[in-house]
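Reviewing the structure listed below.
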Amino acid sequence: MPAPEIKFYNSLTKSLEPFEPIAPPSVAMYNCGPTVYDYAHIGNFKSFLFADVLRRFLELAGYDVRQVMNLTDVGHMTDDAVADGGGQDKMAAAGERLAEAKKSGKLPQGVDLDPNDPYAIARFYGDAFIEDAKQLGIKVASEPDHLPRATDHVDNMQVIIKTLIEKGHAYVASDGAVYFSVQSFPSYGRLSGNTLDELRGGAGGRVSESNQAVKRHPADFLLWKPDESHLMKWDSPWGTGYPGWHIECSAMAKAVLKQDIIDIHTGGEDNIFPHHECEIAQSCGATGEDSFARFWMHGRHLMVEGQKMSKSKGNFYTVRQVIEGGFTGRAVDPAVLRLELIKAHYRSNMNFTAKGIEDSASAVKKVRVFAKEVAYDPAQASWHGVEHEALTEFIAALSDDLNTAKALGVMFAYLNEPAEDVVVSHAMLAAFDQVFAVINSAEAASAGGEADMVQNKIDAMNRARQDKDWATSDAVRAELEAEGYEVKQTKAGIVATKKLA
RNA sequence: GGCCGUGUGCCCGAGUGGACUAAGGGAGCGGAUUGCAAAUCCGCGAUUCGUCGGUUCGAAUCCGACCACGGCCUCCA
1 MPAPEIKFYN
11 SLTKSLEPFE
21 PIAPPSVAMY
31 NCGPTVYDYA
41 HIGNFKSFLF
51 ADVLRRFLEL
61 AGYDVRQVMN
71 LTDVGHMTDD
81 AVADGGGQDK
91 MAAAGERLAE
101 AKKSGKLPQG
111 VDLDPNDPYA
121 IARFYGDAFI
131 EDAKQLGIKV
141 ASEPDHLPRA
151 TDHVDNMQVI
161 IKTLIEKGHA
171 YVASDGAVYF
181 SVQSFPSYGR
191 LSGNTLDELR
201 GGAGGRVSES
211 NQAVKRHPAD
221 FLLWKPDESH
231 LMKWDSPWGT
241 GYPGWHIECS
251 AMAKAVLKQD
261 IIDIHTGGED
271 NIFPHHECEI
281 AQSCGATGED
291 SFARFWMHGR
301 HLMVEGQKMS
311 KSKGNFYTVR
321 QVIEGGFTGR
331 AVDPAVLRLE
341 LIKAHYRSNM
351 NFTAKGIEDS
361 ASAVKKVRVF
371 AKEVAYDPAQ
381 ASWHGVEHEA
391 LTEFIAALSD
401 DLNTAKALGV
411 MFAYLNEPAE
421 DVVVSHAMLA
431 AFDQVFAVIN
441 SAEAASAGGE
451 ADMVQNKIDA
461 MNRARQDKDW
471 ATSDAVRAEL
481 EAEGYEVKQT
491 KAGIVATKKL
501 A
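Numbering follows the working numbering, in which position 155 of the first sequence is assigned residue number 155; successive positions increment by one, without gaps.
Right, dumping it as structure tokens:
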């Protein structure tokens, strides 16, 4: 397929740049993934879905994408007032929550885990994340080799730390901890637009005096912390302890993608500083290269009903809560949630609303109705080799810094045209769904008891209708609708389908 | 305070100097259809793009000021 010029907004240069991989058609992409000491929420998934859409689009454009998304299973600290190793380990906090849940019988069915075992906790939430991600159609969730866990790469982190010390980019301070020296890396601050002077000013009051005292510069950040008492600890040349929270991504990107410079690195906007700034310093400091990722792409944060998401406001939703109806009061098809989280441009502050969910449900339905009309079979269809003006426009829209909203418009405009050659329609749907992934092959089967309930009500309606007892028929129909079903009369009889949202 | 960014119909959201008589979706309204509905199909809807100026033959699109809103600045996707 003749790929148009692809342009992405690069956070590093704050400008739109033509995208050229280092070794086409291969693209090496690293996405900052979830921390696995709690369920990931819809804001997290906005970021992960952004990465998934990016990967899917690049594949549509003919690239061979190697995508890596890490699972952070080392517990970081809860207390930001002492950023370099204070407060409570988040994994330990998760253990306490789980122990509480276990005691009160609130653990999910069939789950029995030891709240004192951090690895079991990480496994539990890691599995939950993968399950959620698969439901939302995130491709990498089905590629276990591309979901590295930080605890499996502690040795790789130590290799980098050792190199950084040798090259003068890191030092062991008087408290025994290893810090990265930001002054040894002149371009520190380039990504975030910070300068060392500003960071020095901003450090006052937020970082504990005792920690600051041992560092050469207030912005120096932790690479290794010797701490025998820590919940998760590993032996190292600098004492038994744990790694700093930026080093894992530098280590895993290099280890799994097997190259020093990668093509794309993504994350949420909050990752820009300090996380990604520190990653660049570590990776480039160790490799000697002048870049770590050629493109840095960051998604904006998600708002919920016009407000910033936060636990204190109580507007903090996990994927499973939304799907099970905890947000709208009615079960939501995962494809609807997916579309809702990708329909706006990734660099806009999208507002997550109940109204938006309803809109997306109608949109998903529209696509599925069209697919059904042309007897689309995802297992048979392929976009490869198809040529159509709408496909060209579709790719052009996404080539423009991943403009999903415009691409969605192109898709619906095509769907409004009368379907010409069915083979072409199938190929077009395959192309659209390669990116949006909302069609799904199988319709979700209702649970056993529910299917019986539905059939009973349909039978009751039919009996009433035979007697022209419209009042009874309407009453039963209202019951079905109250259960979240859409009831329609067709030539073949009454059909009840579960609403998408 | 520093640095980013946003403001388009009832809602979401494209459009970044002339095919804009402003895409597409949702909601609404009118019609077809229906026992009534639902679903589906057809049709309608911004003389206007936060405000005020400026540049230009021409601006939602460029520039300036102002207003409003959001984000980041060592917990956070």
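Glycine is no exception: its CB is placed at the ideal position from the N, C-alpha and C atoms. Just so we're clear, the structure is a prediction, and the values are computed from it rather than from any experiment.
L16 is bridged by DSSP to Y9.
Within the same chain, Cβ atoms closer than 6 Å to the Cβ of A150 are found at T72, D73, V74 and E248, the five residues on either side in sequence being excluded.
Under the Cβ criterion (8 Å, minimum of three pairs), the segment 37–57 counts as touching the segment 298–309. In the structure shown, V154 falls within a helical segment according to DSSP collapsed to helix, strand and coil. Rounded to whole angstroms, M428 and V386 show a C-alpha spacing of 8 Å. Three or more beta-carbon pairs separated by less than 8 Å are not found between the segment 463–482 and the segment 173–186, which leaves the two stretches without contact.
Per the coordinates, the alpha-carbon of W224 lies some 16 Å from the alpha-carbon of K167.
The alpha carbon of A28 has as its nearest neighbour, out of R330, I272, T392 and D260, the alpha carbon of D260. V410 is positioned such that its CB atom lies no closer than 8 Å to that of V374. About 11 Å separates the beta carbon of I160 from that of A281, a gap too long to meet the 8 Å contact definition. Cα atoms of D220 and L164: separation of roughly 13 Å, rounded to the nearest angstrom. Secondary structure at A344: coil, using DSSP grouped into helix, strand and coil.
For the 8 Å CB-CB criterion, I121 and M91 form a contact. For N416, the enclosing alpha helix (DSSP H) covers residues T404 to N416. Pairing A407 with F394 gives a Cβ-Cβ distance under 8 Å. According to the DSSP assignment, E279 belongs to the alpha helix (DSSP H) that extends over E277 to T287. For a cut-off of 8 Å, the C-beta gap from K457 to E479 is around 6 Å, short enough to register as a contact. Nearest C-alpha to F180 among H146, G95, G189 and R216: R216. Between P18 and I6, the C-beta spacing is below 8 Å. With the rule of 3 Cβ pairs closer than 8 Å, the segment 260–270 counts as touching the segment 45–54. Going by DSSP, N31 is part of the beta strand (DSSP E) stretching over S26 to N31. For R300, the three-state secondary structure derived from DSSP is coil.
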